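Remarks on the structure that follows.
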Amino acid sequence: MTETPVLEVCDLVQDFLINRHFTVKAVSGITFTVARGEVFGLVGETGSGKSTVARSVMGVNRITSGRIIFKGNEISNKAVFHLHKADVQKNMQIIFQDSAAALNPHMTVAQIIGEPLEINRVCKNKEELDGIINDNLYLVGLSEIYRDKYPGELSGGQRQRVAIARSIAIHPDLIIADEPIGSLDISIQAQIVTLFQELQKKHRFSFLFIAHDLSIIRFISDRIAVMLKGKIVEMAGTEELFTHPLHPYTKSLISSVPTPDPRYERTKKIIEYDTSTFTGEGEFKEVSTGHYLLN
Amino acid sequence: MTMIHESRRQESGMDPLLQLENLSLSFDTPEGEIQAVRGVNLTVNKSEILAIVGESGCGKTVMCQSVMKLLPANSRVTSGKIIFDGIDITQYTEKQMRGLRGTAFSMIFQDPMTTLNPTIPIGKQITEAIHQHSNVSKDEAKSRALELLDLIGIQDPAHRYDHQPHFFSGGMRQRCVLAIALASNPKLIFADEPTTALDVTVQAKMLKLLLEIRDRTGVAIVFVSHDLGVVARIADRVAVMYAGKIVETGTVEEVFYDPRHPYTWGLMQALPSLAKYGQPLKSIPGIPPVLLNPPKGDAFAERNEYAMKIDYEKVPPMFQVTPTHFAATWLLDPRAPKIPSPICLKQESENP
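Those protein sequence lines, which keep their order, are chains A and B. Counting in this note's numbering, the first sequence runs from 1091 upward without gaps. Counting in this note's numbering, the second sequence runs from 10 upward without gaps.
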């Protein structure tokens, strides 16, 4: 069982140079792997660097230091990346939070979903392309009548489905989902989460799932990493993390999640953790099997 | 800041502050009349936190704004009454409303940055609100503003008084908005998704603060939210809204432990924290109806797996479950089949 992980991130550092005197240290040395078919959840507060990790892995940012290894190839190395460019660009897809901004308003749904297929030359002819577009529309719970609609004519939930259809159409190995359900209504959140789970079971995609909502992360992820100020403070399997949280920040995060149970909600104790005392110093090591802690 | 003790709060517990009687509100658009609020009966008691839950587009915000008369010119109240503190304010003019906004009720919005002026120091924005509503000297207003900043938990208020909003974090900004809302001692605050934009840890602190403020000042809060977890924590009573109507109302325990309306069931089943591990989440199919031509009968019928024939024909009345618990669903009619609630929260609370 030593399959190459889909994604390995080693000591990723991402600084943003604002000017000569000021550098934003968005991500300061994080390491994690995403195995094939695994849903890896990344959770943290606003400004903890979650989205930066997603963008750095995608190659949007030029990383400051560290290594990003995709299916065994070190894509953070320019030469290696160019060698595997086609593979990387086909097999790593991202879904953004704001689907209104992610979809081109001047393209129809069919064009949006078809574009990556054409670019990656997946289909031999137009009929096959049309077939794949329709299949994927059905897969995300939309129908053919949406083909010629523009993103502006769709509701938020439908737009997000189109964005998902676009990402899954070319069967990538890794999908990075950056707060994919943050801007949606509760009932639609449930629909999208269920959709993710079904697709994941069917096609064994690997997911890097980024969210600030712990209840969703808990529901969907196999393993979770908690980020704070550009560092991973704790990483463990979902059940392990929720039953035995070790870092005070994780404890505070878990205790803060509101549960829809009035009696429990009113009696539970919320653990407070002053994040201004967090320096990010310490060593990130394994405390028990698969459970890592920054201490 | 007047201290209202627990005993006095309980005494005034059943004292209605705001009553909506059969309130209907429509927007006139080129496409036709959109009936955003359809015959809502609702009471907010003094010092009470009432939560209004529902999906987007259910009329939650419109209902709050209709009380404050903050809606655009193409809206009109088509029937019903708004009674505040015993006075019918339905026909109040803009000038009369100005006297009430701030002193009688104020509002907190989701995004603090759109409420605050980014160029003016926080302290000045609070004193501005104080001057607007009461005739006090500059020094008095400043000391009151400092008192408010202290009340909302800003450390070192004298120093922070001169800071612009961008020096504050999201949670702190939302606290400042709360301070402005509290500036003129309102009796009622409409809080429209005040914690949705905040991180969970910050949200927990904000909710704690709102409860403290309620206990110290006796202000009533109408809390609009779609997060049932947050509602469970903060609310005394809950009103579930769907397609411009209140479909279920009751105390927080009644609605959470014994929900009766299929829409409330749907909302709860959609929560990942209530789902069993490994089982799929259940979602409510479809989307809320557009209220251009509201459907005949129960607006929820189309999305309701338990819908009966009558649901498509006749609007269900409010059935009484207990003296404080009401639900508008034909399932409560004695002739309807008995359907057990698909949610069981009680077991959950025994082993949290």
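Each residue gets a CB set at the ideal place from its N, CA and C atoms; glycine is no exception. On a predicted model such as this, the values are computed, not experimentally measured, just so you know.
Report task. Going by CA-CA distance only, name the one from B:G162, B:A167, B:Q212 and B:T87 that's closest to Q119 (chain B). Result -> Stepping through the second sequence from its first residue, residue 119 (chain B) is reached at position 110. If you compare the alpha carbons of B:G162, B:A167, B:Q212 and B:T87 with that of Q119 (chain B), the shortest gap goes to B:Q212.
- Query: Secondary structure at S16 (chain B), three-state DSSP: helix, strand or coil?
  - Reply: Mapped onto the second sequence, residue 16 (chain B) falls at position 7. Residue placement at S16 (chain B) is poorly supported in this model, since its pLDDT is 39, which falls under 50; the coordinates still yield a value, given next. If DSSP states are grouped into helix, strand and coil, S16 (chain B) belongs with the helices.
### Query
Using a C-beta to C-beta distance shorter than 9 angstroms, which residues of chain A count as neighbours of K291 (chain B)?
Position 282 of the second sequence, counting from 1, holds the residue named residue 291 (chain B). Against chain A, the beta carbon of K291 (chain B) has neighbours under 9 angstroms at A1280 and T1284, listed in chain order.
Got a sec: which bits of the segment 216-244 of chain B sit with their beta carbon under 9 angstroms from any beta carbon on chain A, in order along the chain?
In summary, the residues of the segment 216-244 of chain B whose CB is separated from some CB of chain A by less than 9 angstroms are L216, K217, H235, D236, L237, G238, V239, V240, A241, R242, I243 and A244, in the order they occur in the chain.
Worksheet item: Which runs of the beta strand (DSSP E) fall wholly inside the segment 45-113 of chain B and span at least 3 residues, in chain order?
Response: For the segment 45-113 of chain B, whole beta strand (DSSP E) runs of length 3 or above, ordered along the chain, are 58-62 and 84-93.
Residues in the same chain with beta-carbon distance under 7 angstroms from V1212 (chain A), minus the five sequence neighbours each way, listed in chain order, please. Residue mapping note: residue 1212 (chain A) aligns to position 122 of the first sequence, counting from 1. Here the set comprises I1260.
**Report entry** Integer Cβ distance of L1304 (chain A) from V1133 (chain A), believed to fall under 8 angstroms
**Finding:** Indexing the first sequence from 1 puts residue 1304 (chain A) at position 214. Indexing the first sequence from 1 puts residue 1133 (chain A) at position 43. That pair is a contact at about 6 angstroms.
### Query
Residues in its own chain within less than 8 angstroms of M130 (chain B) by CB, not counting five upstream and five downstream?
Taking the first residue of the second sequence as position 1, residue 130 (chain B) is located at position 121. The residue asked about is misnamed: residue 130 (chain B) is Pro in this sequence, not Met. Around P130 (chain B): Y170, D171, H172 and Q173.
*asked:* So, under 8 angstroms CB-CB, T338 (chain B) and V233 (chain B) are touching, yes? Tell me the CB distance rounded to an integer number of Å.
replied: By one-based count along the second sequence, residue 338 (chain B) stands at place 329. By one-based count along the second sequence, residue 233 (chain B) stands at place 224. 22 angstroms between Cβ atoms; not a contact.
### Three CB pairs or more closer than 8 angstroms across the segment 178-198 of chain B and the segment 120-129 of chain B
Short answer: they touch.
For R1151 (chain A), which option in A:K1168, A:I1254, A:K1161 and A:G1162 has the closest C-alpha, if you only look at C-alpha atoms?
As a working note, residue 1151 (chain A) is residue 61 in the first sequence. One point to set straight first is that residue 1151 (chain A) is Asn, not Arg, in the sequence displayed. Ranking A:K1168, A:I1254, A:K1161 and A:G1162 by Cα distance to N1151 (chain A) puts A:K1168 first.
Fill in: K1319 (chain A) versus A1192 (chain A): straight-line alpha-carbon distance, rounded
Within the first sequence, numbered from 1, the residue matching residue 1319 (chain A) stands at position 229. Within the first sequence, numbered from 1, the residue matching residue 1192 (chain A) stands at position 102. Each residue's Cα considered, the two are about 27 angstroms apart.
### Query
If K1239 (chain A) sits next to V1199 (chain A), beta carbons under 8 angstroms apart, how far is it from one beta carbon to the other, in whole angstroms?
Within the first sequence, residue 1239 (chain A) is the residue found at index 149, counting from 1. Within the first sequence, residue 1199 (chain A) is the residue found at index 109, counting from 1. Rounded, the Cβ-Cβ distance is 5 angstroms, consistent with contact.
| task | Consult DSSP for F323 (chain B) and reduce its assignment to one of helix, strand or coil. | result | What you label residue 323 (chain B) is simply residue 314 of the second sequence in a count that begins at 1. With the sequence shown as reference, residue 323 (chain B) is identified as Lys, and Phe is not the correct amino acid for it. Coil at K323 (chain B), not helix or strand.
ask   = In chain order, what residues of the same chain lie with their CB nearer than 6 angstroms to the CB of G1372 (chain A), ignoring the 5 residues before and after it?
value = Mapped onto the first sequence, residue 1372 (chain A) falls at position 282. So the list reads L1384 and N1385, once near-sequence residues are dropped.
Residue from B:P281, B:L237 and B:I293 whose Cα sits closest to the Cα of E202 (chain B): Position 193 of the second sequence, counting from 1, holds the residue named residue 202 (chain B). Per the Cα distances, B:L237.
task: Could I get the ranges of all uninterrupted beta strand (DSSP E) runs contained in the segment 196-239 of chain B, with 3 residues as the minimum, in chain order?
output: The qualifying runs are 197-201 and 229-234.
Run the CB neighbour count on Y1228 (chain A), radius 10 Å, all protein chains shown included, and call it buried at 16 or more, exposed below.
Start at 1 with the first residue of the first sequence, and residue 1228 (chain A) comes out as number 138. Its Cβ having fewer than 16 others within 10 Å, Y1228 (chain A) is exposed.
- Message: Measuring only the C-alpha atoms, how far is I61 (chain B) from M250 (chain B)?
- Response: Along the second sequence, read from residue 1 onward, the residue named residue 61 (chain B) stands at position 52. Along the second sequence, read from residue 1 onward, the residue named residue 250 (chain B) stands at position 241. Those two C-alpha atoms are separated by around 7 angstroms.
Look up Y1354 (chain A) in the DSSP assignment and say whether it is helix, strand or coil.
On the first sequence, residue 1354 (chain A) is found 264 positions in, with the first residue counted as 1. In this structure, Y1354 (chain A) counts as helix in the three-state DSSP scheme.
- Query: Which one or two residues does DSSP pair with N1210 (chain A) in a beta bridge?
  - Reply: Position 120 of the first sequence, counted from the first residue, corresponds to residue 1210 (chain A). Looking at the DSSP assignment, N1210 (chain A) forms no beta bridge with any residue, so it has no partner.
Measuring alpha carbon to alpha carbon, tell me which residue in B:L301, B:D24 and B:Y321 is nearest F309 (chain B).
The residue you call residue 309 (chain B) lines up with position 300 of the second sequence. Checking every option, the nearest Cα to that of F309 (chain B) belongs to B:Y321.
Evaluate contact between the segment 31-38 of chain B and the segment 77-84 of chain B, counting only Cβ atoms and requiring at least three cross-stretch pairs below 8 angstroms. These segments touch.
message: Can you tell me whether M1197 (chain A) is helix, strand or coil according to DSSP?
response: Within the first sequence, numbered from 1, the residue matching residue 1197 (chain A) stands at position 107. Reduced to three states, the DSSP call for M1197 (chain A) is coil.
### Query
Taking Cβ-Cβ distances shorter than 9 angstroms, what residues in chain A pair up with P121 (chain B)?
As a working note, residue 121 (chain B) is residue 112 in the second sequence. Residues of chain A passing the Cβ test: none, with the nearest at roughly 13 angstroms.
_Am I right that S65 (chain B) and D1275 (chain A) are in contact with their C-beta atoms under 8 angstroms? What's the rounded C-beta distance?_
Sequence index remark: in the second sequence, residue 65 (chain B) carries index 56 (1-based). Sequence index remark: in the first sequence, residue 1275 (chain A) carries index 185 (1-based). The Cβ separation is near 5 angstroms, so the contact holds.
**Asked** Listing by chain order, which chain A residues have their CB less than 8 angstroms from the CB of Q212 (chain B)?
**Response** Numbered from 1 along the second sequence, position 203 holds the residue referred to as residue 212 (chain B). Listed along chain A are S1346 and P1348, each with a C-beta nearer than 8 angstroms to that of Q212 (chain B).
- request: Could you give the DSSP three-state label for P351 (chain B): helix, strand or coil?
  value: The count along the second sequence starts at 1 and reaches residue 351 (chain B) at position 342. Under the three-state reduction of DSSP output, P351 (chain B) falls in the coil class, being neither helix nor strand.
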